[in-house]
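Peer 1: Next up is a structure, given as C-alpha cells.
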Amino acid sequence: MKKFLLLLFALFIINLLHATTYEVKVSDFQFSPTSINATVGDTIQWTWVSGFHTTTSTSVPSDADAWDAQMTSSDKSFMYKLTVEGTYSYVCSIHPNMVRTINVSGILPVTLSAFSITATGKDASILWRTANEQNVAFYAIKRSNDGTNFTEIGHVQATNSSDMHTYSFIDKTVSSGAKYLYYYIDVVDKDGSHTSSAIQSFKNILAKTGLLRQVMPNPANGTDHLMLQFYADKPGKMLTQLYDAKGTLVRQAEMAATTGINNAHFHTGALAAGTYVLRCTMDGKKETRQIVVQ
C-alpha cells in the first residue's frame with residue numbers, strides 16, 4: 002500500500018511538472034478547438050480573435066469554480082486552471098449556439114511520451130509510446146469526423162511494462178470525404194475507470210473535398226443566418242459572399258479560420274423568398290453553394 006501511495010504521489014508530481022496550457026481561440030461565433038481532453042492541473046486559455054463574446058460556464062463538476070469572462074478587443078485573454086475531474090460545459094452568453102465542453106481526467110496511470118498520427122497510403126497510422134504502465138487493461142482508440150463527437154474504432158491490449166513501450170493502430174476506415182479527422186487514446190484501467198489523452202488532428206491528404214463541409218439550413222425558412230462548417234489548411238480568413246438571382250451582392254463577411262474544421266455563422270439579414278448563391282473564397286480556392294429561401 003505504501004509503494005502504491007508513493008507511486009501516486011510521484012505521478013502527481015510528474016503531472017504538475019508537465020501541466021499543459023490549452024489555447025481556445027474565440028472568433029466569428031466559434032470556440033476553436035471544439036473539444037478538449039485535459040488533465041487535472043492543466044490550464045485553459047481563451048484568446049480573443051474577433052467579435053464580441055463571453056466564455057461562461059454552464060455546468061462544472063462539484064467543487065470546481067464557475068467562470069464568466071468577456072472576450073473582446075479590450076479583454077483578449079482569460080485563463081482557468083482545471084482542479085477537479087469531470088466535464089465542464091461552457092457557452093458564449095451572447096451567442097448561445099457557441100456551446101463547448103472540456104473533459105478533464107485524473108492523473109493518467111501511464112506516462113504517454115508520444116502520440117502521433119501519420120498517413121500510410123489511404124489509412125491513418127496511429128502511434129503512441131508509454132512508460133510506467135500500472136493496471137492498464139487496454140487502450141481504446143476514439144475518432145471524430147467533426148472534432149466534437151467521438152466513437153471507438155478499436156482497442157489495443159496493454160503490456161503493463163515499467164519500461165518504454167510503443168503501440169500502434171492503423172485506421173483502415175478513413176473516408177475519402179473526410180479531410181480532417183480527430184483522434185485520442187482512452188486509457189482504460191482494470192477497474193473500469195477511464196482517462197483520456199489529448200486530442201490530435203489528422204489531415205487526410207487524399208480527401209476529395211472543397212472548402213465547405215456543411216451549410217445549413219438549406220432550404221432556409223424564417224432565419225436570418227446560415228451555419229457554415231468549412232475546412233482550413235492554415236489560420237486565415239474566408240471571404241463569404243451572398244448574391245441574389247440577379248447577381249447582386251446582398252451581404253458579405255470575413256470569417257476567421259484555424260487549421261482544421263471551422264464553424265461560423267453568416268448573418269444574412271431578412272431575405273425575400275428565392276434562390277441565392279453563396280460564394281466562399283480562401284487561399285486561392287473558391288466554392289459556391291445554391292441557397293434556397295422559402
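Counted from 1, the sequence shown has number 240 at position 239 by this note's numbering; the numbering is strictly sequential. A virtual CB, placed ideally from N, CA and C, is assigned to each residue, including glycine.
#1: Under the three-state reduction of DSSP, which class applies to residue 96: helix, strand or coil?
#2: Give a yes or no on whether the C-beta atoms belonging to residue 208 and residue 178 are separated by under 8 Å.
#3: Mind the definition here: the region 222-239 touches the region 65-76 only if three or more C-beta pairs lie below 8 Å; say whether that holds.
#4: Taking the straight line between their C-alpha atoms, what separation do you get for residue 164 and residue 158?
#5: Give me the Cα-Cα distance between residue 105 and residue 40, rounded to the nearest whole angstrom.
#6: With H, G and I counted as helix, E and B as strand and the rest as coil, what does DSSP make of residue 136?
#7: Looking at the secondary structure, which residues open and close the beta strand (DSSP E) in which residue 201 lies?
#8: Does the beta-carbon of residue 145 have 16 or more other beta-carbons within 10 angstroms, so that it is buried, or is it exposed?
#9: Should residue 171 and residue 185 be called a contact, given that it needs their Cβ atoms to be closer than 8 Å?
#10: With distance defined between alpha-carbon atoms, name the residue in 85, 273, 150, 261 nearest to residue 223.
#11: May I ask which residues mark the beginning and end of the beta strand (DSSP E) holding residue 175?
#12: To which residues does DSSP link residue 211 through a beta bridge?
#13: Residue 124 bridges to which residues according to DSSP?
#14: Check whether chain D comes within 8 Å of residue 204, counting only Cβ atoms and requiring the distance to be less than that.
#15: Okay, do the region 24-37 and the region 249-268 touch, 3+ Cβ pairs below 8 Å being the bar?
#16: Could you compute how far the alpha carbon of residue 108 sits from the alpha carbon of residue 100?
#17: Within its chain, find whatever has a CB closer than 7 Å to the CB of residue 260; leave out the 5 residues flanking it on each side and keep chain order.
#18: Is the region 111-119 close to the region 77-93, with three or more CB pairs under 8 Å?
#19: Do residue 254 and residue 50 count as a contact pair if the criterion is CB distance below 8 Å?
#20: Please work out which residues of its chain come closer than 6 Å, Cβ to Cβ, to residue 183, disregarding the five sequence neighbours upstream and downstream, and give them in chain order.
#21: Anyone know if the C-beta pair for residue 189 and residue 138 falls short of 8 Å?
#22: Residue 129 by DSSP, collapsed to three states: which one?
#23: Please report the straight-line C-alpha distance between residue 97 and residue 295, rounded to a whole angstrom.
#24: With distances taken between CB atoms, is the gap from residue 59 to residue 93 smaller than 8 Å?
#25: Please report the distance separating the alpha-carbon of residue 292 from that of residue 239.
#26: What residue range is occupied by the uninterrupted beta strand (DSSP E) comprising residue 258?
#27: Rounding to the nearest angstrom, what Cα-Cα distance links residue 288 and residue 44 in this structure?
#28: To which residues of the same chain is residue 282 closer than 6 Å at the C-beta, ignoring the five residues directly before and after it?
#29: By Cβ distance, which residues of its chain are closer than 7 Å to residue 226, with the 5 residues on each side in sequence left out?
#30: With distances taken between CB atoms, is the gap from residue 61 to residue 46 smaller than 8 Å?
Peer 2: Answer, in terms of the structure:
#1: In this structure, residue 96 counts as coil in the three-state DSSP scheme.
#2: yes
#3: no
#4: 16 Å
#5: 5 Å
#6: coil
#7: Its beta strand (DSSP E) spans residues 201-204.
#8: buried
#9: In this structure, residue 185 does not lie closer than 8 Å to residue 171 by Cβ.
#10: 273
#11: Bounds of any beta strand (DSSP E) do not take in residue 175, whose DSSP letter is neither H nor E.
#12: The partner list for residue 211 (beta bridge, DSSP) is empty, contrary to what the question assumes.
#13: Bridge partners of residue 124 according to DSSP: 121.
#14: Included in the structure is just one protein chain, with no chain D present.
#15: yes
#16: 26 Å
#17: 233, 234, 235, 236
#18: no
#19: no
#20: Result list for residue 183: 145, 148, 200, 202, in chain order.
#21: A contact, by the Cβ cut-off of 8 Å.
#22: strand
#23: Here the alpha carbon of residue 97 sits roughly 25 Å from the alpha carbon of residue 295.
#24: no
#25: Answer to the nearest angstrom: the Cα atoms are 18 Å apart.
#26: 250-258
#27: 38 Å
#28: 240
#29: 266, 267, 268, 269
#30: no
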